[in-house]
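**Student:**
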Amino acid sequence: MPIDVIDEQAIWDALRLVVDPELGSDIVDLGMVRGISIADGVITVEIALTTAGCPLRKQIRADVEKHVFQLLQDGHAAGIGGNNVEVNVHTVSMDREERAAIMSKARQIAQEHAGTTNIPINTRVLALSSGKGGVGKSSVTANLAIALAGRGLTIGVLDADIWGFSIPRLLSMQGEMHAEERKIIPLERRVGTGLLKVVSMGFLSDEEDAIMWRGMLLARAVQQFLEEVRWGYLDYLLVDMPPGTGDVQMAIARFLPRTELIVVTTPSVTAYKVAQRAVSMAMKGHLRLAGIIENMAYYKCDHGEVHYIFGSGGGESLARESGAPLLAQLPIAASMSDTAGTAGSVGGETGAKDGLSREFAELARIIAEDIAPTVEMSGCTANMLASVERLLAEKKNTSNNS
Numbered sequence: 000m001p002i003d004v005i006d007e008q009a010i011w012d013a014l015r016l017v018v019d020p021e022l023g024s025d026i027v028d029l030g031m032v033r034g035i036s037i038a039d040g041v042i043t044v045e046i047a048l049t050t051a052g053c054p055l056r057k058q059i060r061a062d063v064e065k066h067v068f069q070l071l072q073d074g075h076a077a078g079i080g081g082n083n084v085e086v087n088v089h090t091v092s093m094d095r096e097e098r099a100a101i102m103s104k105a106r107q108i109a110q111e112h113a114g115t116t117n118i119p120i121n122t123r124v125l126a127l128s129s130g131k132g133g134v135g136k137s138s139v140t141a142n143l144a145i146a147l148a149g150r151g152l153t154i155g156v157l158d159a160d161i162w163g164f165s166i167p168r169l170l171s172m173q174g175e176m177h178a179e180e181r182k183i184i185p186l187e188r189r190v191g192t193g194l195l196k197v198v199s200m201g202f203l204s205d206e207e208d209a210i211m212w213r214g215m216l217l218a219r220a221v222q223q224f225l226e227e228v229r230w231g232y233l234d235y236l237l238v239d240m241p242p243g244t245g246d247v248q249m250a251i252a253r254f255l256p257r258t259e260l261i262v263v264t265t266p267s268v269t270a271y272k273v274a275q276r277a278v279s280m281a282m283k284g285h286l287r288l289a290g291i292i293e294n295m296a297y298y299k300c301d302h303g304e305v306h307y308i309f310g311s312g313g314g315e316s317l318a319r320e321s322g323a324p325l326l327a328q329l330p331i332a333a334s335m336s337d338t339a340g341t342a343g344s345v346g347g348e349t350g351a352k353d354g355l356s357r358e359f360a361e362l363a364r365i366i367a368e369d370i371a372p373t374v375e376m377s378g379c380t381a382n383m384l385a386s387v388e389r390l391l392a393e394k395k396n397t398s399n400n401s
């Protein structure tokens with residue numbers, strides 16, 4: 000049987016066995032196969048690589064040849080192909096748009112095959128992100144956690160800013176995390192009828208010690224916090240992200256694809272322009288953009304006069320351009336000071352005199368009731384699993400206290 004009658008679909012199927020080790024999926028699903036032609040005893044496969052100098056060029060070419068030749072050898076006994084068949088692998092480089100598309104596809108495939116974590120299936124996961132440092136993202140995270148817990152909810156706080164952790168100080172929490180049955184146990188803090196469960200490198204390392212880890216180690220640390228922490232029942236998990244759009248952000252998108260992003264910015268044009276990168280990350284990572292928070296929006300003096308120290312309009316512009324709601328415009332207040340060690344009181348536990356507690360209480364209400372409500376799913380498997388987890392956790396706490 001001449002080579003021209005070989006089923007082209009069989010070659011496509013064979014190419015699905017060629018996996019790009021960097022992107023973690025096969026070259027067909029990733030759209031790297033430009034085309035296949037069969038003529039004059041030659042099978043030509045055109046492969047588009049991300050760059051002209053791709054270090055995986057030889058490996059991908061060899062894998063393509065291997066699997067196509069294997070297909071021919073398997074079919075030769077049935078009269079398909081022949082001993083003189085040539086396989087030609089032609090590689091080309093992608094343009095900018097094609098590279099963006101293939102990276103988006105790779106992220107989407109990774110999310111569809113995301114591994115299991117210890118985060119309960121019906122927990123709403125909110126990652127607070129920013130394009131740059133210095134916008135008060137960690138302070139907002141800490142106080143929002145307090146405000147949500149003040150509503151009687153169980154709130155997990157994951158300090159994913161591995162080398163720039165500040166959550167322990169902001170929540171006025173100290174101690175060392177320990178393990179039980181190979182699972183890390185979060186540190187806990189009661190807030191009225193609610194509960195905080197907090198995990199941070201600050202509970203494993205001295206505050207003054209520098210953590211000098213590269214990207215892959217940072218991503219692995221986040222993975223461990225998601226997979227190897229016994230979180231138990233949670234209404235919400237708040238993730239304090241490091242600034243920027245690097246390895247930690249990509250790890251969160253991969254291991255927790257149901258994460259919803261809240262971007263924190265300040266009013267200045269420069270800050271909101273940088274924050275657009277965090278919005279872009281959400282879109283490219285196929286994450287839902289839940290909303291925008293403008294921090295340090297204004298200062299209100301004792302006489303009631305309002306001053307826009309850092310300009311105005313940044314949060315509104317970012318919300319308008321991204322299509323996400325502007326959740327809050329938080330004022331500058333002494334109780335948000337990172338050095339005070341009392342930022343946790345702002346969220347509503349004690350009530351700050353500057354009224355910021357009311358701002359966070361309203362922000363918590365908007366999130367809990369409008370933006371990301373926890374849904375009561377009577378009879379749903381997710382809800383039943385969560386109920387069992389809650390009962391087991393309460394039973395264990397009771398036995399530990401008795």
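Residues 0 to 401 in numbering that gives the first Met the number 0 are what the sequence shown spells out, letter by letter.
Even for Gly, the Cβ is constructed at its ideal location relative to N, Cα and C.
Everything numeric in this text was worked out from a predicted model, so none of it was measured.
#1: For Arg253, does the three-state DSSP call read helix, strand or coil?
#2: Can you say whether Ser471 is buried or exposed, counting buried as having 16 or more other CB atoms within 10 angstroms of its CB?
#3: Going by other Cβ atoms of all chains shown within 10 Å of its Cβ, with 16 needed for buried, is Val41 buried or exposed?
#4: Specify the secondary structure class of Ser128 as computed by DSSP and reduced to three states.
#5: Would Glu293 be called buried (16 or more neighbouring beta carbons within 10 Å of its own) or exposed?
#6: Give me the Cβ distance between Gly193 and Gly151, rounded to the nearest whole Å; I'm assuming they're in contact under 8 Å.
#7: Measuring only the C-alpha atoms, how far is Gln8 from Arg287?
#8: Ends of the alpha helix (DSSP H) at Val134?
#9: Is it buried or exposed, Tyr271, if we count other Cβ atoms within 10 angstroms and call 16 or more buried?
#10: Helix, strand or coil: how does DSSP classify Ala296 here?
#11: For Val63, is the classification buried or exposed, using 16 other Cβ atoms within 10 angstroms of its Cβ as the cut-off for buried?
#12: Could you check where the alpha helix (DSSP H) with Ser321 kicks off and where it finishes?
#13: Can you give me the Cβ contacts of Thr116 inside the same chain, cut-off strictly under 8 Å, excluding the 5 residues immediately before and after it?
#14: Quick one: is Ile308 buried, meaning 16 or more other Cβ sit within 10 Å of its Cβ, or exposed?
#15: Along the chain, where does the beta strand (DSSP E) containing Gln328 start, and where does it finish?
#16: Provide the residue(s) that pair with Asn87 in DSSP beta bridges, ordered along the chain.
#17: State buried or exposed for Ala136, treating a residue as buried only when at least 16 other CB atoms are found within 10 Å of its CB.
#18: Specify the secondary structure class of Thr264 as computed by DSSP and reduced to three states.
#19: Please report the straight-line C-alpha distance between Gly350 and Pro330, rounded to a whole angstrom.
#20: What does the alpha-carbon distance come out to for the pair Ser199 and Leu233?
#21: When you compare only the Cα positions, how much space is there between Ile10 and Leu169?
**Tutor:** Reading from the atomic positions:
#1: Note: Arg253 maps to helix in three-state DSSP.
#2: It is not possible to answer for residue 471, since the shown part of the chain is limited to 0 through 401.
#3: With fewer than 16 other Cβ atoms within 10 Å, it is exposed.
#4: Correct three-state label for Ser128: strand.
#5: A buried status is given to Glu293, since no fewer than 16 other beta-carbon atoms sit within 10 Å of its beta-carbon.
#6: By a beta-carbon distance limit of 8 Å, Gly193 contacts Gly151. Their separation comes to about 5 Å.
#7: A straight-line Cα-Cα distance of about 36 Å links Gln8 and Arg287.
#8: No alpha helix (DSSP H) holds Val134; DSSP gives it neither H nor E.
#9: The C-beta of Tyr271 has 16 or more other C-beta atoms within 10 Å across all chains shown, which makes the residue buried.
#10: If DSSP states are grouped into helix, strand and coil, Ala296 belongs with coil.
#11: Residue environment analysis places Val63 among the buried positions, since at least 16 neighbouring C-beta atoms fall within 10 angstroms of its C-beta.
#12: Run containing Ser321: Gly313 to Ser321, per the alpha helix (DSSP H) assignment.
#13: Around Thr116: Leu225, Glu226, Phe254 and Leu255.
#14: So Ile308 counts as exposed.
#15: In this chain, the beta strand (DSSP E) harbouring Gln328 covers Leu325 to Gln328.
#16: Paired residues: Thr43.
#17: With the sequence shown as reference, residue 136 is identified as Lys, and Ala is not the correct amino acid for it. Answer is buried; the Cβ neighbour count reaches 16.
#18: Residue state for Thr264 is assigned as strand, using DSSP reduced to three classes.
#19: In this predicted model, Gly350 has a pLDDT of only 41, less than 50, meaning its place in the structure is not dependable; the value taken from the coordinates is given anyway. Going from the Cα of Gly350 to the Cα of Pro330 covers about 15 Å.
#20: C-alpha separation (whole angstroms): 17 Å.
#21: Cα to Cα, Ile10 sits roughly 58 Å from Leu169.
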